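Student: Sequences listed follow chains A and E, in order. My numbering numbers the first residue of the first sequence as 1122 and each following residue consecutively. My numbering numbers the first residue of the second sequence as 8 and each following residue consecutively.
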Amino acid sequence: DQQVKQNSPSLSVQEGRISILNCDYTNSMFDYFLWYKKYPAEGPTFLISISSIKDKNEDGRFTVFLNKSAKHLSLHIVPSQPGDSAVYFCAASDNNDMRFGAGTRLTVKP
Amino acid sequence: GAGVSQSPRYKVAKRGQDVALRCDPISGHVSLFWYQQALGQGPEFLTYFQNEAQLDKSGLPSDRFFAERPEGSVSTLKIQRTQQEDSAVYLCASSLAGTGGWSPLHFGNGTRLTVT
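1. Measure the beta-carbon distance from E:F52 to E:S38 and round it to whole angstroms, keeping in mind my assumption that it falls under 8 Å.
2. For the stretch 17-32 of chain E against the stretch 1156-1165 of chain A, do three or more pairs of beta-carbon atoms, one drawn from each stretch, fall closer than 8 Å, so that the two count as touching?
3. Specify, as a first and last residue, the run of the beta strand (DSSP E) that A:K1158 falls within.
4. Taking the alpha carbon of E:K85 as the point to measure from, which residue in E:E59, E:Q24, E:Q44 and E:D63 has its own alpha carbon closest?
5. Please classify A:S1172 as buried or exposed, where buried requires at least 16 neighbouring CB atoms within 10 angstroms.
6. Give me the Cα-Cα distance between A:I1169 and E:E59, rounded to the nearest whole angstrom.
7. Which class does A:D1218 belong to by DSSP, given the choice of helix, strand or coil?
8. Using 10 angstroms around the beta-carbon of A:D1180, count the other beta-carbons present and answer buried if the total reaches 16, otherwise exposed.
9. Less than 8 Å between the CB atoms is what I'm expecting for E:V96 and E:G117, so what's the real figure, rounded?
10. Is there at least one Cβ from chain A nearer than 8 Å to E:G115's Cβ?
11. So, with DSSP's three-state summary, where would you put E:D31?
12. Quick one: is E:P50 near chain A, going by C-beta distance under 8 Å?
13. What is the C-beta distance between A:F1221 and E:P50, in whole angstroms, given that I count them as a contact (C-beta under 8 Å)?
14. For A:D1180, report the span of its beta strand (DSSP E) as first-last.
15. I need the straight-line Cα distance from E:Y17 to A:S1190, nearest angstrom please.
16. Could you check the C-alpha separation between E:G47 and A:S1131 for me, to the nearest Å?
17. Going by the DSSP bridge assignment, what does A:H1197 pair with across the sheet?
18. With a cut-off of 8 Å, does the C-beta of E:P15 fall near any C-beta of chain A?
19. Taking a contact to mean a Cβ-Cβ separation below 8 Å, would you say A:V1229 touches A:E1136 in this structure?
20. Just to make sure I have the definition right: I need the residues of chain A whose C-beta is within less than 8 Å of the C-beta of E:P111. Which are they?
21. Using only the alpha-carbon positions, how far apart do A:S1201 and A:M1219 sit?
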């Protein structure tokens, strides 16, 4: 039962351009949505979150957009940098139950 | 450091052996989670503690899996009679919030279990 889906396993972007990572969910009870970044051999690191009552949250180069009617969220990174290369996990939380997508591997080419 | 610490980093077990994985959460964090991450997949929820109480163990795949957090701090995930399908990275995460609140999860670097 995959409640959080990331349909793109990988994405390659040129340095300086925008990276857009997408995520879909099925459970309308989720009230927080998060993005985590993961480097090899490390645990996921929290990147940015958005409450279900908002449609946009921005933090520096990172912006998360939430479309509740479509049950869709996206992470925009602009401008992309080579250090952003990592696996990005979308997560959704219903009280203390947090579910993760399968991840998207972002490669930012110099 | 002040992060979530997991040990061992790597564990190789022969099929049928018992293993114990340890998690030291961030001091003061109320909530503690265990996740299982198979290769190429996202973390899959196993179980959740609020202080010493195990509030949700619905993700534990079988009764061979057991988790405890007796004093509301360090937690141990035990897997009895390991099987090859148990091979995965086991992630522990803690957060400051308890019931009714929300805060991001802070993950450890995981324990990679390989069952041969």
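Think of the CB as a built atom: it goes at the ideal place given N, C-alpha and C, for glycine as much as any other residue. The structure displayed is predicted, hence computed values, not measured ones.
Tutor: From the atom records:
1. Separation of the CB atoms of E:F52 and E:S38 is rounded to 12 Å, and the pair is thereby denied contact status at 8 Å.
2. no
3. Membership of A:K1158 in the beta strand (DSSP E) is indicated by the continuous run Y1153 to K1159.
4. E:Q24
5. It counts as exposed.
6. 29 Å
7. strand
8. exposed
9. 4 Å between Cβ atoms; contact.
10. yes
11. strand
12. yes
13. 5 Å
14. K1177 to D1180
15. Roughly 43 Å separates the two Cα atoms.
16. Spanning the two alpha carbons is a distance of roughly 11 Å.
17. A:I1141 and A:T1184
18. Interface with chain A (8 Å Cβ-Cβ cutoff): E:P15 is excluded.
19. Between A:V1229 and A:E1136, the CB-CB gap stays under 8 Å.
20. In chain order: L1155, F1167 and S1170.
21. 27 Å
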